[in-house]
Structure formats: structure tokens, C-alpha cells
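Everything in the sequence shown is counted per my numbering, starting at 746 for the first residue and increasing by one. Glycine is no exception: its CB is placed at the ideal position from the N, C-alpha and C atoms. Just so it is clear, the structure is predicted and the values come from calculations on it, not from any experiment. Input: a single structure, listed below in C-alpha cells.
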Amino acid sequence: MGDDTTAIAGDILSRLGTIVMGIVDGDLDRLAEGTDMMKGSIIFRVEPGHDDVVGKEVKDRVFQGEERIRIPPAELAEKIKAIAGSHLLEMEQIEH
């Protein structure tokens with residue numbers, strides 16, 4: 746997910762008690778000010794311009810083209826981290 750999509754989806758899903766894992770590159774357009782994120786959600790900040798590239802790789806390699814999969818969150822986080830590789834700048838787990 747991109748920056749704005751992560752912020753908006755994270756806010757909506759936090760109301761349902763659902764964590765998200767977002768891949769962002771810091772180019773937030775500020776379409777979503779004052780959003781919240783569920784505790785346990787993880788934001789992967791990658792180098793500028795690489796959020797879509799890493800996201801596509803995750804969809805292809807982990808989701809294998811499917812919209813939904815069953816995978817433990819910790820395992821998914823590790824797979825995203827591995828796919829992002831040297832493009833990963835920061836991995837932040839939401840603690841509030």
C-alpha cells in the first residue's frame with residue numbers, strides 16, 4: 746500500500762480491530778490527516794519510489810496474485826522485510 750492508502754485503510758481497519766502492514770515511501774499527500782492505526786500494525790518505510798515496487802513483489806511472491814491469504818502476521822512481516830531488502834529504511838510497529 747502507498748502512504749495515503751495505508752493511512753486511510755489503517756484508520757478504518759483500526760475501528761474494526763484489524764492490524765495493517767503498510768509499505769510507504771514518505772510521499773504522503775496529506776489526504777488523511779489525524780488518522781489512527783491499530784496497535785500491532787507495522788509500517789515499512791522504503792526508499793522513495795520503491796513502495797509500489799515492493800508492494801507488487803509482495804503481492805506476486807507472497808499473495809501469489811490472490812487478494813487474501815492466511816499467514817501469521819509475524820511471518821508476513823518477515824517476508825515483507827526480506828522482499829524490501831536493501832530498500833527498507835525503517836520498520837515501525839505501532840505500540841499505542
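In this model, residue 814 and residue 788 are separated by some 19 Å (Cα to Cα). Taking a 10 Å sphere around the C-beta of residue 841, we find fewer than 16 other C-beta atoms and assign the residue as exposed.
Sorting 801, 807 and 770 by C-alpha distance to the C-alpha of residue 834 places 770 at the top.
With contacts defined by Cβ atoms closer than 9 Å, residue 780 and residue 768 do not form a contacting pair. Straight-line measurement puts the Cα of residue 783 at about 6 Å from the Cα of residue 763.
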